[in-house]
Amino acid sequence: MRVSAKTKEATRQKVLRVSQELFNSTGFRETTSRDLASAVGIAAGTIFNYFPSKEAIVLQLVCDALENAEATFNRRVRPESTLEEDLFLYVSTGLRQLKPMRGFVGPAFETHLGPACGGDANELGDHIRTGHVEMVSSLLSKHGQAEPPTAVHLQMYWLLYTGVLAFWAKDQSRKQEDTLALLDQSIKMFVSWYLAG
Amino acid sequence: MALNVAELIDALPEVDSDDATLSGGVVSEALATVLSNRPVPTGSMRRLSLLGGLQAKIAVAYGFHWLRGWFQDADQRERALKETHFKTALKMLDSMGYLRGAVMKVGQTLANFPDVAPDGLVQTLEKLHFQAPPMHFSLLRETVINELGDEPHNLFAEFDETAFAAASLGQVHRARLKSGQQVAVKIQYPGIARTIRTDFRNLIPLLLPSRLTGDWQNLKDQVEFARRGIEQETDYTREAETQTRVRQLFFEEDSIVVPQVYPEFSTDRIITMDYLEGDHLDAFLAKNPSQDERNDYALKLTRAGARIVYQGRLNNVDVHAGNYLFMPDGRLGLIDFGCVLRIEGDAMWELYGRLHRAMMTGEDSSIRDAMKEWQQLTDAPRDAENLRLSTEFGKLCWKPYYVPGPFNYGDREYLQRGINVMTELMKNRCTRSHPTNLMQARWHVGWWMMFYRLGAIIDPSPIVNEETSATGWESC
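Protein sequence lines, in the order shown, are assigned to chains A and B. Just so you know, my numbering puts the end of the first sequence at 261, numbered straight through with nothing missing. Just so you know, my numbering puts the end of the second sequence at 1512, numbered straight through with nothing missing.
Printed below as a string of C-alpha cells:
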C-alpha cells in the first residue's frame, strides 16, 4: 500500500512526540527502537524509514525546539536592549524551549554539537550550529559591529555556548538558576572579549 | 576617570607626611568606580583563590603596621594604624565588589565601624547597600518567569525595568499590581545562594590555624551560626513570613510601617510587597532636619527595635541605613527582614530576660554575672580579659537605658569607646562567646551608628520599659 506524504509526515511527528515521552519516562538508554515502534503503532523495522537511530530522533527534537525558540526570541526581543541582553535572551529562550527534553539531550549535545565533534558532525548538527551562529552574527551586526565575526570569535562563542548547554543538562540547582548565572557570566565574557578585538 | 584600587592606595598619604589626615572626599567618589559591573564568580576554586588573596592582602597590611610599630612613638602608631585600616578597607572593598555574596555582607558590617573605615569611606561603603551591580533585564525576566511563571509585563499592570534599589543579594523594582496597588518587587540574583555556601566552605580552611586553640569548637559554632544566618537571608519565603509577623506587631498609633507582602507574587527568590515612599538616612539628613525631627525618628526607631525584640521575640540584626525609610508624613518605614534572629525556646527567652534585667541595673557585678552566663565564660584566668571587655561592652550597650534622663547619642566619645572595646575584643582574640554574638554585636553597632548619625538626644528608657512590660519577665 502506498503511504501518502501527509500520512508519512504525521507518522514522523508521532515518532518524535512518542519518543520524547518515552525518553523522559523510561530513559534514553533504556528505550529500544522496538519500544518506540510499538508505542507509535508501526512495525519494528519501519521506524528506520523515518530516523536512522535514536540519536537522530533526539537531534531532530533539538532542532525543532531551537527553531521554535528562534521565533519566540524574535517576538520577545526589544529594540532598546543591549548586545549582552540580546545574546542572553536568545540562548535562554532556547533553553526554555529545550526544557521538556532536559533529561535526555545531554549526550546528543556532546556527540553532535560539542566543539570536539568538528567535521564528524552530521548534517542536522551542522544545520543547528550554522543557524545559531548566523543569528549571533546578525545580533552583533544589529549592535553596530560592522566587521563580521572571525572564525576564532565564533569558535570561542561556540565553546562557551556548548559549555552552558552541557552544564544546564546536568544542573541540579533550584529551577536551574545556576545555569542563568553561568550564562550571564559566559555572555559577558564573550562580549567583553569580542569588543576588545 | 576610572581608578583601580592600587592607584587609590598609592595616592594615600604616607604616615611620615606632615598631614596624615584621611580625607574621604575625592577617594570616596573614586571608590564608587571600583564597584564595577563584574559578574558573580561561583566556581569554588576561583572564589577560594580570591578569598585567599584577600586574606593575604589584609595580613600583609597588618604585618606592615606591626613592623612599623617597633620604630614609632604612640602618636605615630595611631596614625599608622588608621592608614593601615584604611588601606585594608580599600583592599577588602576591591575584592567585595567582585565577590559580593557573603564577603559583601562583611563589607556592609564594616560600614558600621568608623574606626576601621573613616567617615568618607563609611559613606562609600554604605553605597554597597544600594549600588550593587544590577541584573540586566533579560536575566531578570528569565528569573521572573522561572519563579512566577510569566513575563513581568504580563503579571503586573506596570513593571519598571530599572531597579530603584540594589543590595548584595538582590535588586528591587517598582511595579503596579492589576488591583492598582504600588508595589516593590525584590528579586534575588540567580546563583547567589550557592555563592554564599561556597564562601563559607572556603572560610573554614582559612580558619584552620585556630583549630589548636581552646576556643576552636566555640569559634566553629559561631561560624556555623553565621553561615545559617546568612544562608537564611537567601530564603525569601522565610523573609516574607518574618516580615508578615513583624507587620502584625505595629499599629496606626505607632507611626511605624512594615510593608504588606503579596504571597501570590512571592517565592523563595522573589518578594512582592507594598511600595513605601520615603528617604534613607543620608537623604533625610541632607534636608537638615531639626533636632526635634531627629529625636522623633530616634524614638520611633527605639520603639521599633524594642517591640520586635520584646514582643516579637525576634531580633532584626541587619541594622543599617538601607533598611529604614523616613517617610514624608513622619512615619518610619521598616524594610528588609532577611537577617532576623528568632529567639526560640523558653530557655533562650529566659536567658534574654536575665541579661536584660541585669543590664538595666547598670551595676558592674550584676552585668558581669550576666555576661559570664551569656558568653559561656568561667572564672579561669584565660577568660578574665574576655569577661572584663564583654562586661564593658554590655554596659555601653545598655547605658542609654539605665542612665536617667536624655542620652546624647551624638557623643563621639561614647561611640568611639564602644568601637574600641569591640576592637580590643577582636585584637585580644576573645573569640569565646554565645554563638549568636556575632549577630548581636552587628545589631548593637548598627544601632549605635544609626543613632550617632541622627545626632539624637532622647530618653529611650520609658519606651524600652513599656515594651518589656509585655514580656512577663518580672514573674519568671
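For each residue, glycine too, the CB sits at the ideal point set by N, CA and C.
Check: Compute the beta-carbon to beta-carbon distance between residue 1486 of chain B and residue 1317 of chain B, rounded to the nearest angstrom, for a pair I have assumed lies under 8 Å.; Outcome: 7 Å
Check: Do residue 129 of chain A and the ligand ADP come close, with the Cβ less than 7 Å from some heavy atom?; Outcome: The ligand ADP is not part of this structure, which contains no ligands at all.
Check: On a Cα-Cα basis, can you pick out the residue from B/1484, B/1499, B/1348 and B/1372 that is closest to residue 1307 of chain B?; Outcome: B/1372
Check: Beta-carbon within less than 7 Å of residue 1402 of chain B's beta-carbon, same chain only, minus the 5 sequence neighbours each way: which residues are those?; Outcome: 1394
Check: With C-beta atoms as the reference, is residue 1377 of chain B less than 8 Å away from residue 1353 of chain B?; Outcome: yes
Check: With C-beta atoms as the reference, is residue 134 of chain A less than 8 Å away from residue 220 of chain A?; Outcome: no
Check: Give a yes or no on whether 8 Å exceeds the smallest Cβ distance from residue 239 of chain A to chain B.; Outcome: yes
Check: In angstroms with no decimal places, state the Cα-to-Cα distance between residue 1167 of chain B and residue 92 of chain A.; Outcome: Reliability of the predicted coordinates at residue 1167 of chain B is poor, the pLDDT of 38 falling under 50, and no value is obtained from them.
Check: With DSSP run on the structure shown, which of helix, strand or coil describes residue 1422 of chain B?; Outcome: helix
Check: Does residue 1174 of chain B get closer than 8 Å to chain A when you measure Cβ to Cβ?; Outcome: yes
Check: For residue 1274 of chain B and chain A, any beta-carbon pair shorter than 8 Å?; Outcome: no
Check: Which same chain residues end up closer than 6 Å to residue 1434 of chain B when comparing Cβ atoms and leaving out the 5 residues on each side of it in sequence?; Outcome: 1395
Check: Three-state secondary structure (DSSP) at residue 1363 of chain B?; Outcome: coil
Check: Using DSSP bridges, identify the partner residues of residue 1493 of chain B.; Outcome: B/1444
Check: Who does residue 1221 of chain B pair with in a DSSP beta bridge?; Outcome: B/1209 and B/1308
Check: Helix, strand or coil for residue 1413 of chain B? Go by DSSP, reduced to three states.; Outcome: coil
Check: Using alpha carbons as the reference points, say which of A/249, A/125, A/157 and A/69 lies closest to residue 85 of chain A.; Outcome: A/125
Check: If I'm right that residue 244 of chain A touches residue 1178 of chain B with Cβ under 8 Å, what's the distance once you round it to whole angstroms?; Outcome: 6 Å
Check: Output needed in chain order: residues of the region 153-164 of chain A with a Cβ under 8 Å from some Cβ in chain B.; Outcome: 153, 156 and 160
Check: With 16 as the cutoff for other CB atoms within 10 Å, does residue 241 of chain A come out buried or exposed?; Outcome: buried
Check: Have a look at B/1330, B/1196 and B/1358 and flag the residue whose alpha-carbon is nearest the alpha-carbon of residue 1173 of chain B.; Outcome: B/1196
Check: Keeping to the same chain, check which residues put their C-beta closer than 6 Å to that of residue 1366 of chain B; ignore five residues upstream and five downstream.; Outcome: none
Check: Shorter than 8 Å from the beta carbon of residue 90 of chain A to some beta carbon of chain B?; Outcome: no
Check: Got a sec, what are the start and stop residues for the alpha helix (DSSP H) residue 122 of chain A sits in?; Outcome: 118-140
Check: What does residue 1178 of chain B touch in chain A if you count any residue whose Cβ is under 7 Å from its own?; Outcome: 156 and 244
Check: Name the two residues that bound the continuous beta strand (DSSP E) containing residue 1351 of chain B.; Outcome: 1350-1352
Check: Would you report the Cα separation of residue 217 of chain A and residue 1170 of chain B, rounded to the nearest angstrom?; Outcome: 27 Å
Check: DSSP state of residue 115 of chain A, grouped into three classes?; Outcome: coil
Check: List the whole-angstrom C-beta distance separating residue 1223 of chain B from residue 1176 of chain B, where the pair is believed to meet the contact cut-off of C-beta under 8 Å.; Outcome: 6 Å
Check: Along the region 128-143 of chain A, what residues have a CB closer than 7 Å to any CB found in chain B?; Outcome: none
Check: Is it the case that the region 1283-1297 of chain B contacts the region 1185-1201 of chain B, given that we only count it when at least three CB pairs across the two stretches are under 8 Å?; Outcome: no
Check: Look at the Cβ atom of residue 79 of chain A, then the Cβ atom of residue 111 of chain A, and state whether they are nearer than 8 Å.; Outcome: yes
Check: Starting from the N-terminal side, write out each stretch of the beta strand (DSSP E) that is 3 residues or longer and does not extend beyond the region 151-234 of chain A.; Outcome: none
Check: Flag this pair as yes or no: are the beta carbons of residue 186 of chain A and residue 196 of chain A separated by less than 8 Å?; Outcome: no
Check: Check whether the Cβ of residue 202 of chain A lies closer than 8 Å to any Cβ atom in chain B.; Outcome: no
Check: Between residue 146 of chain A and chain B, is there a C-beta pair that is closer than 8 Å?; Outcome: yes
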